[in-house]
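Below is one structure, written out as structure tokens; comments come after it.
Numbering (the working numbering), first residue to last: 8 to 162.
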């Protein structure tokens, strides 16, 4: 394949990526429904599992969403008893979030459902194909991150 042929095919690849993301999200939402949690809420809990005691601003950066979106997610999961927040010892305006025991239990059981969704998506792939897909998607992300970094330097 010539270089420009690969670029011409990129519209199709973008459409395929969008289709996969849409189908995966639908399947994940269905898998998580019995747990009463959304994919976005699961992502926040998983991030808190790795980064306990994070502020809303830090979670927004880690989850790559707006602080407003993060705040809404935190309020929702706090109401469900999956996290608790307490004031930062040095800045009372900052609330630090941690998982509750119920949140930890939910995270573990719902992660299993999420992993099964990924397994269904990758059904029929061998280990080499999964590794190649992971490598290629990582390269795509790195290309876009490089472009965004260059653009942010210009602003």
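C-beta: ideal position from N, C-alpha, C; glycine also. None of these values were measured; they are calculated from a predicted model.
Here residue 129 is exposed. Its C-beta has fewer than 16 other C-beta atoms within 10 Å. Secondary structure at residue 87: coil, using DSSP grouped into helix, strand and coil. Membership of residue 129 in any alpha helix (DSSP H) is not indicated, and neither H nor E is assigned to it by DSSP.
Bounds of the beta strand (DSSP E) holding residue 105 are 102-106. Note on residue 55: 16 or more other CB atoms within 10 angstroms of its CB, so buried under the neighbour-count rule.
Distance from the CA atom of residue 149 to the CA atom of residue 143, rounded to whole angstroms, is 10 Å. In this structure the stretch 107-127 touches the stretch 44-61; the number of beta carbon pairs closer than 8 Å is three or more. Exposed is the label assigned to residue 60, since fewer than 16 other Cβ atoms lie within 10 Å of its Cβ. In the DSSP annotation of this structure, the continuous segment of the alpha helix (DSSP H) that includes residue 51 starts and ends at 46-57. Of all alpha-carbon atoms in 97, 127, 131, 64, the one lying nearest the alpha-carbon of residue 33 is that of 127. When secondary structure is reduced to three states using DSSP, residue 93 falls in the strand class.
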